[in-house]
Amino acid sequence: MGGVSIWHWIVVGVIVMLLFGRGKVSELMGDVAKGIKSFKKGMAEDDEPTPTATTVDPKVIDQTQASNAAAQAQAKADHKA
Numbered sequence: 001m002g003g004v005s006i007w008h009w010i011v012v013g014v015i016v017m018l019l020f021g022r023g024k025v026s027e028l029m030g031d032v033a034k035g036i037k038s039f040k041k042g043m044a045e046d047d048e049p050t051p052t053a054t055t056v057d058p059k060v061i062d063q064t065q066a067s068n069a070a071a072q073a074q075a076k077a078d079h080k081a
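The sequence shown begins at 1 in full-length UniProt numbering and counts up one residue at a time.
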């Protein structure tokens, strides 16, 4: 009694066709198909290996040069004062 049979789905389909029209439903189904195709294409592109950029070594700052430069700047400031 409470189950949904094939006749219920047929009636629902007829009502949808009457409300939206045949062209609108086929257009909607075409849009769904395009979405599925683009999804599959995107998933296939994810599987392809992407070329990796060459790795660049990080720049190393010599602490002795930095401290010498700071000491020289401090000495110049002290000399002017």
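Note that the Cβ used here is the ideal one computed from N, Cα and C, for glycine as well. Values in this document were obtained by computation on a predicted structure and should not be read as measured data.
- Where VAL16 is concerned, the enclosing alpha helix (DSSP H) starts and stops at 6-20.
- In the structure shown, GLY35 falls within a helical segment according to DSSP collapsed to helix, strand and coil.
- The three-state reading of DSSP puts GLY30 in helix, counting H, G and I together.
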